[in-house]
Amino acid sequence: MLKPKAKPPPGLDACQPEEKDAPNSTSTTPNRQNNKRKKEHTMTGANKTDRKQSTSWLKRQEERKKMEAIKLLEREIREKEEEEKRAKVEKIMARKAKLKEKERLERLSLKLSQKKLLRMKRREGRTKKIAG
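For reference, each letter of the sequence shown is one residue, going 1 to 132 in the UniProt record's numbering.
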């Protein structure tokens, strides 16, 4: 027959299995928790932040920030110069367009004045056909 199970002691929960004593306490497998390497790359985050950063790294960071600021200023200056150059070119192009329009209007007015003179001559009867 089966023996009834004994009640667990008051400190243990009924759902947790009882811990059994190891049959062979002098096993050849090492305890992994005690065998961990104690190196910096395995340290926790708090230990890593306690270390002081090297001065060369800080200097390089400062130089990078300075170089970024210099590059930003150079870029702004370059953009400003390009904008001034673009404005100058636009001004020249506008001046040339204005001159072309003025010449076109002069030619048109000259042509119209010639036609007007020709009409007046015809009215007076002094065309080439009549005079010639």
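Glycine included, every Cβ here is placed at the ideal spot set by N, Cα and C. Just so you know, these numbers come straight off a predicted model, no measurement behind them.
| Asked | Found |
| --- | --- |
| Simplified DSSP state of Asp-94, which is helix, strand or coil | As written in the sequence, residue 94 is Ala, which differs from the Asp given in the question. It is helical. |
| Beta-carbon proximity list for Lys-111, same chain, < 6 Å, skipping 5 on both sides | none |
| Straight-line Cα distance separating Glu-83 from Ala-94 | 16 Å |
| Span separating the alpha-carbon of Lys-80 from that of Met-120 | 59 Å |
| Through-space distance from Arg-104 to Ala-69, alpha-carbon basis | 52 Å |
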